[in-house]
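Trainee: Listed in order, the protein sequences are those of chains A and B.
If you use this note's numbering, the first sequence corresponds to residues 1 to 410, in order.
If you use this note's numbering, the second sequence corresponds to residues 411 to 820, in order.
2 protein chains.
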Amino acid sequence: MNAELIAVGTEILLGDIVNTDAQTVSQGLSELGIDVFYQTVVGDNPDRLERVIREAADRADIIITTGGLGPTLDDLTKETLARVFGKEMVLHEPSLARIRDFFARIGREMTPNNEKQAWLPKDCNVFVNEWGTAPGCAFEAAGKHVLMLPGPPRECEPMFRKCAMPYLYPLAGGCIVSRNIRVFGLGESAMEDRLHDLMESMQNPTIAPYAKISECYARVTAKAKDEEAAQALLAPVVQQVADLLGDDVYGIDVDSLEQVVGDGLRERGLTLAVAESCTGGLLSKRITDVPGCSEYYLGGVCSYCNEVKEKILGVKGETLKAYGAVSQQTAEEMAEGVARALGADVGVGITGIAGPGGGTEEKPTGLVYISVYFDGGCTTRRTVNTYGRDRVRNHAASTALDMIRRRILR
Amino acid sequence: MNAELIAVGTEILLGDIVNTDAQTVSQGLSELGIDVFYQTVVGDNPDRLERVIREAADRADIIITTGGLGPTLDDLTKETLARVFGKEMVLHEPSLARIRDFFARIGREMTPNNEKQAWLPKDCNVFVNEWGTAPGCAFEAAGKHVLMLPGPPRECEPMFRKCAMPYLYPLAGGCIVSRNIRVFGLGESAMEDRLHDLMESMQNPTIAPYAKISECYARVTAKAKDEEAAQALLAPVVQQVADLLGDDVYGIDVDSLEQVVGDGLRERGLTLAVAESCTGGLLSKRITDVPGCSEYYLGGVCSYCNEVKEKILGVKGETLKAYGAVSQQTAEEMAEGVARALGADVGVGITGIAGPGGGTEEKPTGLVYISVYFDGGCTTRRTVNTYGRDRVRNHAASTALDMIRRRILR
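#1: With residue 160 of chain A and residue 25 of chain A assumed to form a contact (beta carbons below 8 Å), what rounded beta-carbon distance in angstroms separates them?
#2: Kindly indicate if chain B contains any beta-carbon less than 8 Å away from that of residue 164 of chain A.
#3: Quick check: the Cα distance between residue 515 of chain B and residue 542 of chain B, rounded to an integer number of angstroms?
#4: With 9 Å as the C-beta to C-beta threshold (strictly closer), list the residues of the stretch 698–711 of chain B near chain A in chain order.
#5: Could you name the residues that DSSP lists as bridge partners for residue 702 of chain B?
#6: Which full runs of the beta strand (DSSP E) of 3+ residues lie inside the stretch 731–809 of chain B, going along the chain?
#7: With a threshold of 16 other CB atoms inside 10 Å of the CB of residue 330 of chain A, please say whether the residue is buried or exposed.
#8: Using 10 angstroms around the beta-carbon of residue 182 of chain A, count the other beta-carbons present and answer buried if the total reaches 16, otherwise exposed.
#9: Taking CB distances under 8 Å as the criterion, tell me whether residue 22 of chain A reaches chain B.
#10: For residue 258 of chain A and residue 290 of chain A, which I take to be in contact (beta-carbon distance under 8 Å), what is that distance rounded to the nearest angstrom?
#11: Along the stretch 623–635 of chain B, where does the CB come closer than 8 Å to a CB of chain A? Name the residues.
#12: With a threshold of 8 Å, are at least 3 pairs of Cβ atoms found where one atom belongs to the stretch 139–158 of chain A and the other to the stretch 49–68 of chain A?
#13: So within the stretch 181–255 of chain A, which uninterrupted beta strand (DSSP E) runs reach at least 3 residues, ignoring any that extend past its ends?
#14: Can you give me, in chain order, the residues of the stretch 436–452 of chain B that have a beta carbon less than 7 Å from any beta carbon in chain A?
#15: For residue 412 of chain A, which of A:86, A:129 and A:226 has the nearest alpha-carbon?
#16: Counting Cβ pairs closer than 8 Å, one from the stretch 274–286 of chain A and one from the stretch 380–397 of chain A, do we hit at least three?
#17: Note down, in chain order, all residues in the stretch 302–329 of chain A with a beta-carbon under 9 Å from any beta-carbon belonging to chain B.
#18: Is any beta-carbon of chain A found at less than 8 Å from that of residue 429 of chain B?
#19: Would you report the Cα separation of residue 612 of chain B and residue 427 of chain B, rounded to the nearest angstrom?
#20: Spell out whether any CB of chain A is found under 8 Å from the CB atom of residue 766 of chain B.
#21: Here's the rule: buried if 16 or more other CB atoms are within 10 angstroms of the residue's CB, otherwise exposed. What is residue 735 of chain B?
#22: What residue from B:776, B:761 and B:651 has the CA that sits closest to residue 589 of chain B's CA?
#23: What did DSSP end up calling residue 556 of chain B once you bin it into helix, strand or coil?
#24: May I have the straight-line CA-CA distance separating residue 746 of chain B from residue 726 of chain B, to the nearest angstrom?
#25: Under a three-way DSSP split, which group does residue 550 of chain B fall into?
#26: Quick one: is residue 423 of chain B near chain A, going by C-beta distance under 8 Å?
#27: Please tell me whether residue 172 of chain A and residue 34 of chain A are closer than 8 Å, where the distance is taken between their beta carbons.
#28: Mind pulling the chain B residues with CB within less than 8 Å of residue 269 of chain A?
#29: Below 7 Å on C-beta distance, what does residue 230 of chain A contact in chain B?
#30: Kindly give me the distance between the Cβ atoms of residue 299 of chain A and residue 440 of chain B, rounded to whole angstroms, as I take these residues to be in contact under 8 Å.
#31: Starting from residue 467 of chain A, trace the alpha helix (DSSP H) in both directions and tell me its first and last residue.
#32: Cβ of residue 534 of chain B within 8 Å of Cβ of residue 544 of chain B?
#33: Between the stretch 753–766 of chain B and the stretch 669–687 of chain B, are three or more C-beta pairs nearer than 8 Å?
#34: Which one of A:306, A:175, A:28 and A:233 has the shortest CA to CA distance from residue 704 of chain B?
#35: Is the Cβ of residue 149 of chain A closer than 8 Å to any Cβ of chain B?
#36: For a test of your reading of the model: does the CB of residue 156 of chain A fall under 7 Å from any non-hydrogen atom of the ligand ATP? Yes or no.
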């Protein structure tokens, strides 16, 4: 079974937007074990679209289109596919009713061209759009499966996951479920190394390693006749992977390190405050990305100059003089100082040289000290990262969160 | 003249990465006035790549490939293109010398397979890779222009701009130069409205509106025989656009609002400190995204609870009680308080409800007060934004920067 992706939209050809739908759909097909050999982008032009469709029909079992389902005249994906595959277009009343409801709900008038969205190929499988107005659909003709999804990513992704993937399960031979084991403190290749033998020995579930900024994860995917059977296959393997990766696993099927740390602090009734130099507020920003963080997060101080370190955080002048602003000693006094100043149980201090300038032989660009104060004492780490300002800062913020997790949340 | 883009890489078909190179190249071709009718992605498979190349040669004047120029066996873009167009492959000694130098510089051994990157189609135009190891190249054969660029975006983008675009100038009938007029405080459609008559009346230069997160910009693009002639065409139109948009223009050909504000503060010898509640450190993070910001940025306080507002920033208990933490009065006391506490000339205070929870009828989710303290007084704005937590926070941080610009830097 192989699938070909066709994105329809002149705005992609002009470079106004990037084709993220292709990634969304390809990832899902990869999980299903369906090969993708070609992705094509074509504009809102019926002749060129038809050419691409015929080419795809010639070489693929499944054709999945994204875009061109909207209300305007240049939205012509459905009409063109119906013509190529000899299907009649009919008005789908339930879709029309949904579109009418949608406009009534947002209190705007429904212009007549919106009705076009409810015209679908006859006898197709309708994908109800809960995230916008244009329904998607699927049909089988001439031995090919044809699926149509809307272009906007916030509609395309959920419809693909919720409607198109279940449609594809029987073609892929069952139901597919994945679980993600999130890891910090281990590179992707080191993770792969630890999992290598297990990965090699497995057919179902499969285990795949992925890298993200400053972290990585292992995705375990099982194929079975239904969700329950897939979960039963997954459980022991997820446990094996977690055991092999040990303490470097920060969570399974979780959103982020900041979410895990936040949940842990909330459960233990602990409060947090942070003092940042080189990360400049990034750690505080990431902690407050999590809704509801005011339950455990009291606040932070960005001390971008020595005066603020001394005056607000109480870092000693002698410390700054003897060891410098970028030093283990300063990081520790920042961590303890911010906890005291803000009255928090846990304090974090980060000081370093984010670059590009400012490095010396003794203290190179990319050097960062990170300290966590808790229960009367500090744990401190020294890291050096040479991948540029953004990566240095992100890695330092992630390391701080991970240190809280290891020190306090276990 | 029309071009077709072919991205070569199985990792795109698997959904591991998104094809941003296609956007980069399409944007540039759009600036050059070269049409793109198709973009295709194909894996590291010689037969399927050849099929796609033949298809492209059948319908396009220019073929641009990205990816598949690396040292490993599955990098086969050059070899396949050379075969299809009947070109011999030869070793390009200057490229080999550059690759050897590169490995010597980073102190790693050059494995023999790296030599493969220096083999290029005979008599091609070599694009020197200053950002990595694999050179790109271009040749003309069978009436088609064929250009090859490396896949990694940090190599593809600069090589496209610096090497491929100049190669394409004569095909596009000259040299193309763009200037970007960056705007905050005006939506994209309002900007288009103000520019409408001018846009309609222009053929060369052209004016195009673009939207970004919380801001927008107008790109003015001129086509001429050389750079100097293009700049001469641009100058009066850029001035006209800037006049029509007035105070909402924060810069022309600048990196970001935070860069403009930073430069302005540095020039005036002023220092800055910020106090954030709902933005949680985001403003501080953005200010410190700019290298060298320690010349004007002293630091910030994220006051995520009332105690920190009172204790560190000196917001009065009565103010919090009478008006609440989210109020004009609190924002102003935060702005003045952080300037005093950190000894800065300019202080910013931001307090609001980022959501999703926490809103009331009187103070809805998305309500933010932003205050700038300078020279003994405060300027304050109240904004309401309903596009979710991230957008509320981003818009508040941008508004604060823009208020500094309008208040102090004019």
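Backbone N, C-alpha and C define an ideal beta-carbon position, used for all residues, glycine too.
None of the values given here were measured: they were computed from a predicted structure.
Mentor: Based on what the coordinates show:
#1: 6 Å
#2: no
#3: 12 Å
#4: The residues in question are 698, 699, 701, 702, 703, 704, 707, 708, 709, 710 and 711.
#5: None; residue 702 of chain B has no bridge partner.
#6: 756–762, 777–784 and 787–794
#7: buried
#8: Flag for residue 182 of chain A reads buried.
#9: Judged by the 8 Å Cβ criterion, residue 22 of chain A is in contact with chain B.
#10: 5 Å
#11: none
#12: yes
#13: 206–212, 215–224 and 249–252
#14: 436, 437, 440, 446, 447, 448, 449, 450, 451 and 452
#15: One cannot answer for residue 412 of chain A here, as it falls past the ends of chain A, which runs 1 to 410.
#16: yes
#17: 302, 303, 304, 305, 307, 308, 309, 311 and 312
#18: yes
#19: 39 Å
#20: yes
#21: buried
#22: B:651
#23: It is a strand residue.
#24: 12 Å
#25: Note: residue 550 of chain B maps to strand in three-state DSSP.
#26: yes
#27: Yes, these two residues count as a Cβ contact at 8 Å.
#28: The contacting residues do not exist; residue 269 of chain A stays about 15 Å from chain B at best.
#29: By Cβ distance, chain B contributes nothing, its closest Cβ being about 20 Å from residue 230 of chain A, past 7 Å.
#30: No, residue 299 of chain A and residue 440 of chain B are not in contact; Cβ-Cβ is about 46 Å, not under 8 Å.
#31: This structure cannot settle anything about residue 467 of chain A, because the visible part of chain A is limited to 1 through 410.
#32: no
#33: yes
#34: A:306
#35: no
#36: Ligands are entirely absent from the displayed structure, and the ligand ATP is therefore not among its contents.
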